[in-house]
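Student: Add 1302 to a position in the sequence shown, counting from 1, and you land on the number used in the working numbering.
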Amino acid sequence: MNIENKKQFVIILIAIGLGLVAAFLTSQYVQNNIKAQTKALARDYGKQNAGFAKEIEVLRSEIKRQREEIKKVETKQSQYKPGAATQATTEKAQPVVQMDSFSVRTPPGKRAVTILVDSLSAVGGLINPGDFVDIIGEIKIPDDSEDSKALKDVTTVLFQNIQVLAVGTNFKPLGSAPAYEAQQKARSLNITVAISPEESGLIAFAQANGKLQLSLRPPTDGGLQLLQIASWDTLAEYVMDHQGTELMVPQKKANIFEADEEEDEVRPYIQIFKSGAESNF
């Protein structure tokens, strides 16, 4: 190899070395720049998160303070009793016992009235607070006969779609079978219903003059119907229309009165018209 070729080879090696050094320095610069930018972004992100954390902490403190204020107000309201302000100086306030008031369960415009119904007439004891029922009455009403003390039984639906508020002292829905079994074993049940003020007087009158029975309604049925009084005639008509069977029902005897012969006797007479005037002989 001559001297000229050696010089060219050395120049190429030097150029390659300088290129490698330049590439190394460039990569180091890029890496350092990336690290610096990453640290700057991390600092900015940390500052933003710190600001958000402070805001969240302030909001949490405010919510906690408001909850404590609400709790204090509720405590004061629950412990308030009429006349407590005048008694505070002489005696220590007594703790208030929290109890469910039955009056708040009575719907507006209604009255809570309790009726006595035997277990069988109360759907076999399967009545539950919150149910809706029809109230059937078996009432003794005065008869139209000559005997003023004679009574006849009339059976009819008195009230429809009546809400049951309580059964006995229980005004919450039953959730177990033993509770229903206890009601079925009872001879009679005190059923408290919600009715209007006018109906409250009528149902008291009906119970005083007869017997009441309950008919349970499905939850989705709130309609009212015009119903006939239950009698031999209506029963026979229903059986004929739905079963095609004719029932021989007793017929009511007609009252026959003897006529007074003296008052009903028609005497013969002659009627004469003269000059437009009427004369009887």
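Ideal placement from N, C-alpha and C gives every residue a C-beta, glycine not left out.
#1: Counting C-beta neighbours from all protein chains within 10 Å, is the total for phenylalanine 1326 16 or more, i.e. buried, or is it exposed?
#2: On the three-pair Cβ rule with 8 Å, is the segment 1534–1551 touching the segment 1467–1476?
#3: Could you please give me the residues that DSSP links to asparagine 1472 through a beta bridge?
#4: With proline 1431 and asparagine 1492 assumed to form a contact (beta carbons below 8 Å), what rounded beta-carbon distance in angstroms separates them?
#5: Where are the alpha helix (DSSP H) runs, 4 residues long or more, that stay fully inside the segment 1320–1370, in chain order?
#6: Decide if glutamine 1553 is buried, meaning its Cβ has at least 16 other Cβ atoms within 10 Å, or exposed.
#7: Per DSSP, which one or two residues make a beta bridge with alanine 1496?
#8: When you compare each of Ala1344, Gln1339 and Ile1417 to alanine 1252 by their alpha carbons, which one comes out closest?
#9: Which term fits glycine 1427, buried or exposed, when burial requires 16 or more other beta carbons within 10 angstroms of its beta carbon?
#10: Three-state secondary structure (DSSP) at phenylalanine 1434?
#11: So leucine 1537 is in the alpha helix (DSSP H); what residue range does that whole segment cover?
#12: To the nearest angstrom, how far is it from the Cα of threonine 1392 to the Cα of glutamate 1371?
#13: I'd like to know whether the C-beta atoms of valine 1435 and serine 1490 end up nearer to each other than 9 Å.
#14: Using the Cα positions of serine 1421 and glutamine 1486, report the straight-line distance between them to the nearest angstrom.
#15: Relative to the C-alpha of asparagine 1463, which residue among Val1312, Gln1368, Gln1339 and Leu1516 is closest?
#16: Going by CA-CA distance only, name the one from Glu1548, Asn1307, Ala1488 and Glu1364 that's closest to serine 1423.
#17: Distance check for proline 1444 and valine 1456, CA to CA, integer angstroms please.
#18: Does the Cβ-Cβ distance between valine 1415 and isoleucine 1505 come in under 9 Å?
#19: Tell me the residue span of the beta strand (DSSP E) that contains serine 1517.
#20: Figure out for me which residue from Lys1373, Ala1324 and Arg1407 has the closest Cα to the Cα of proline 1475.
#21: What does DSSP give as the partner residue(s) for serine 1490 in the beta ladder?
#22: How big is the Cα-Cα spacing for isoleucine 1438 and tyrosine 1540?
#23: Which whole-angstrom value describes the C-beta separation of glutamate 1440 and lysine 1513, a residue pair presumed to lie in contact below a C-beta threshold of 8 Å?
#24: Out of Phe1354, Leu1518 and Val1551, state which residue places its alpha-carbon closest to the alpha-carbon of isoleucine 1429.
#25: Tell me the rounded alpha-carbon separation between leucine 1537 and proline 1409.
#26: Under 8 Å by Cβ, that's how I've got alanine 1496 and lysine 1412 pegged, so tell me the actual separation to the nearest angstrom.
#27: I'd like the list of long-range same chain contacts for glycine 1319, defined as Cβ closer than 6 Å, with 5 residues on each side in sequence excluded.
#28: Does the beta-carbon of alanine 1508 have 16 or more other beta-carbons within 10 angstroms, so that it is buried, or is it exposed?
Tutor: In short, the structure shows the following:
#1: Numbered from its first residue, the sequence shown carries residue 1326 at position 24. That one is exposed.
#2: No, they do not touch.
#3: Mapped onto the sequence shown, residue 1472 falls at position 170. Asparagine 1472 pairs with Val1469.
#4: Taking the first residue of the sequence shown as position 1, residue 1431 is located at position 129. Taking the first residue of the sequence shown as position 1, residue 1492 is located at position 190. Rounded, the Cβ-Cβ distance is 12 Å, inconsistent with contact.
#5: none
#6: Indexing the sequence shown from 1 puts residue 1553 at position 251. Exposed: under 16 other Cβ atoms inside 10 Å.
#7: Counting from one through the sequence shown, the residue named residue 1496 turns up at place 194. Answer is Ala1414 and Gln1465.
#8: Only positions 1303 to 1583 of the chain appear in this structure, which leaves residue 1252 out of reach.
#9: To locate residue 1427, count along the sequence shown from 1; it is residue 125. Looking at its Cβ environment, which holds 16 or more other Cβ atoms inside 10 Å, glycine 1427 is buried.
#10: Along the sequence shown, one-based indexing puts residue 1434 at 132. Of the three classes helix, strand and coil, the one that applies to phenylalanine 1434 here is strand, per DSSP.
#11: Here residue 1537 refers to the residue found at position 235 of the sequence shown. Run containing leucine 1537: 1534–1545, per the alpha helix (DSSP H) assignment.
#12: As a working note, residue 1392 is residue 90 in the sequence shown. As a working note, residue 1371 is residue 69 in the sequence shown. Since pLDDT at threonine 1392 reaches only 43, below the 50 mark, its modelled position is unreliable, and the value read off the structure follows with that caveat. Separation of threonine 1392 and glutamate 1371 (C-alpha to C-alpha, rounded to the nearest whole angstrom) is 28 Å.
#13: On the sequence shown, residue 1435 is found 133 positions in, with the first residue counted as 1. On the sequence shown, residue 1490 is found 188 positions in, with the first residue counted as 1. No, they are not a contact pair.
#14: Indexing the sequence shown from 1 puts residue 1421 at position 119. Indexing the sequence shown from 1 puts residue 1486 at position 184. Rounded to whole angstroms, serine 1421 and glutamine 1486 show a C-alpha spacing of 6 Å.
#15: One-based indexing of the sequence shown puts residue 1463 at position 161. Considering only alpha carbons, the answer is Leu1516.
#16: For the purposes of this step, residue 1423 is identified with residue 121 of the sequence shown, where counting begins at 1. Residue Ala1488 is the option with its Cα nearest to serine 1423.
#17: Your numbering for residue 1456 matches position 154 in the sequence shown. Your numbering for residue 1444 matches position 142 in the sequence shown. Each residue's alpha carbon lies about 10 Å from the other.
#18: As a working note, residue 1415 is residue 113 in the sequence shown. As a working note, residue 1505 is residue 203 in the sequence shown. Contact annotation: valine 1415 and isoleucine 1505 have beta-carbon atoms nearer than 9 Å.
#19: Residue numbering aside, residue 1517 sits at position 215 when the sequence shown is read from its first letter. For serine 1517, the enclosing beta strand (DSSP E) stretches over residues 1512–1518.
#20: Counted from its first residue, the sequence shown places residue 1475 at position 173. Comparing Cα positions, the closest option is Arg1407.
#21: Along the sequence shown, read from residue 1 onward, the residue named residue 1490 stands at position 188. Partner(s): Asp1420.
#22: Start at 1 with the first residue of the sequence shown, and residue 1438 comes out as number 136. Start at 1 with the first residue of the sequence shown, and residue 1540 comes out as number 238. The straight-line gap from Cα to Cα measures roughly 18 Å.
#23: Residue 1440 sits at position 138 when you count from the first residue of the sequence shown. Residue 1513 sits at position 211 when you count from the first residue of the sequence shown. Indeed they touch by this definition, with Cβ atoms about 5 Å apart.
#24: Looking up residue 1429 in the sequence shown gives position 127. Of the candidates Phe1354, Leu1518 and Val1551, the one whose C-alpha sits nearest the C-alpha of isoleucine 1429 is Leu1518.
#25: In the sequence shown, counting from the first residue as 1, residue 1537 sits at position 235. In the sequence shown, counting from the first residue as 1, residue 1409 sits at position 107. Computed Cα separation, rounded: 37 Å.
#26: Translated into positions along the sequence shown, residue 1496 becomes position 194. Translated into positions along the sequence shown, residue 1412 becomes position 110. Going by Cβ atoms, the distance from alanine 1496 to lysine 1412 rounds to 4 Å, so yes, they are a contact pair.
#27: As a working note, residue 1319 is residue 17 in the sequence shown. Excluding residues within five positions, none has a Cβ falling inside 6 Å.
#28: Within the sequence shown, numbered from 1, the residue matching residue 1508 stands at position 206. Answer is buried; the Cβ neighbour count reaches 16.
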